[in-house]
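Data first, discussion second: the structure below is written as structure tokens.
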Ligand SMILES: Nc1ncnc2c1ncn2[C@@H]1O[C@H](COP(=O)(O)OP(=O)(O)OP(=O)(O)O)[C@@H](O)[C@H]1O
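Numbering (our numbering), first residue to last: 12 to 304.
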């Protein structure tokens with residue numbers, strides 16, 4: 012597989028009048044990876060993605076997609092599938108007609124019924140878009156990413172409004188696309204999805220990367236947390252902990268396994284029960300919360 016980046020962004024700047032929305036942003040997306048561009052509200056994710064997709068011109072800096080400028084639409088457009096937050100299909104068209112239209116617009120070839128089946132709308136193929144539910148419309152939006160199995164796929168908040176079955180279904184379809192070699196760029200506010208699925212994450216805040224790396228790289232800078240409640244008077248804890256008046260205790264650690272073992276051995280030796288015990292690695296949520304603190 013080629014190692015030439017699918018997307019290269021170098022010192023990208025975007026301004027809206029006096030407002031500097033994206034500041035000297037540089038990153039690349041490698042072939043076959045799932046890259047999640049995450050961030051706080053107004054961080055500049057959509058502005059960045061719109062530039063990569065060719066809808067916006069950089070104020071300065073360069074963006075290359077498959078080695079081309081995104082402005083070179085003929086070279087780039089047929090190779091990328093873009094699932095926007097809302098695709099704006101005409102409400103009068105049926106699902107089948109709308110999916111057919113994707114083929115005409117992208118100039119990719121595919122079997123319309125195959126695509127309708129992948130997005131799980133076979134029973135609604137003859138239904139007008141205006142009569143679809145919110146979740147069904149979202150699944151139709153996903154057809155733009157699936158049609159013709161494009162090499163590069165943008166998923167902008169793909170699972171917003173989807174029930175759990177539809178989410179699982181969508182992610183299974185994304186897995187199939189990746190097995191076929193597609194590269195995926197994801198934005199989402201569901202951090203769990205990014206944590207489970209992204210190979211790498213770019214975490215934006217106020218126009219710049221707050222952090223970039225794998226989930227492990229992002230989370231290892233923060234401690235894991237052990238929580239429990241002391242239900243009876245206890246001797247001194249074997250670890251540094253914050254204990255509230257109601258007996259709820261919190262231990263932060265960079266060595267979860269060792270410290271958890273120490274704590275459980277202490278509880279056992281003192282015949283203590285640790286109520287509501289939970290222990291877990293640092294989650295992406297914690298990295299997010301740490302941005303503004
Ligand atoms: N057309 C525009 N004119 C002026 N300011 C804009 C325009 N588009 C975006 N902005 C501003 O640029 C900043 C970045 O916006 P952008 O939509 O890229 O952020 P985002 O990271 O996608 O945010 P969110 O998670 O809230 O969707 C915001 O402060 C926004 O108000």
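The beta-carbon is built from N, C-alpha and C at its ideal position, and this holds for glycine as well. These numbers come from a predicted model, not from an experiment.
Applying the criterion that 16 or more other CB atoms from any shown protein chain within 10 Å of the CB defines a buried residue, is residue i buried or exposed?
i: residue 118; result: exposed
i: residue 301; result: exposed
i: residue 28; result: exposed
i: residue 303; result: exposed
i: residue 255; result: exposed
i: residue 56; result: buried
i: residue 193; result: buried
i: residue 65; result: buried
i: residue 78; result: exposed
i: residue 125; result: exposed
i: residue 82; result: exposed
i: residue 148; result: buried
i: residue 30; result: exposed
i: residue 36; result: buried
Hey, would you say residue i sits closer than 8 Å to residue j, going by beta carbons?
i: residue 106; j: residue 135; result: yes
i: residue 129; j: residue 184; result: yes
i: residue 215; j: residue 165; result: no
i: residue 179; j: residue 198; result: no
i: residue 45; j: residue 209; result: yes
i: residue 264; j: residue 232; result: no
i: residue 113; j: residue 155; result: yes
i: residue 89; j: residue 24; result: no
i: residue 290; j: residue 267; result: yes
Less than 7 Å separating the Cβ of residue i from some heavy atom of ligand 1?
i: residue 30; result: yes
i: residue 27; result: yes
i: residue 98; result: no
i: residue 14; result: no
i: residue 215; result: yes
i: residue 57; result: yes
i: residue 53; result: yes
i: residue 72; result: no
Under 8 Å by Cβ, that's how I've got residue i and residue j pegged, so tell me the actual separation to the nearest angstrom.
i: residue 47; j: residue 212; result: 5 Å
i: residue 181; j: residue 295; result: About 20 Å separates the two Cβ atoms, so there is no contact after all.
**Request:** Kindly provide the ranges of any alpha helix (DSSP H) runs that are 4 or more residues long and lie completely inside the region 135-183, ordered along the chain.
**Result:** For the region 135-183, the full-length alpha helix (DSSP H) segments reaching 4 residues or more read 145-157 along the chain.
**Request:** Please specify which runs of the alpha helix (DSSP H), each continuous and at least 4 residues long, are wholly inside the region 221-245, giving them in chain order.
**Result:** List check, alpha helix (DSSP H) in window: 226-230.
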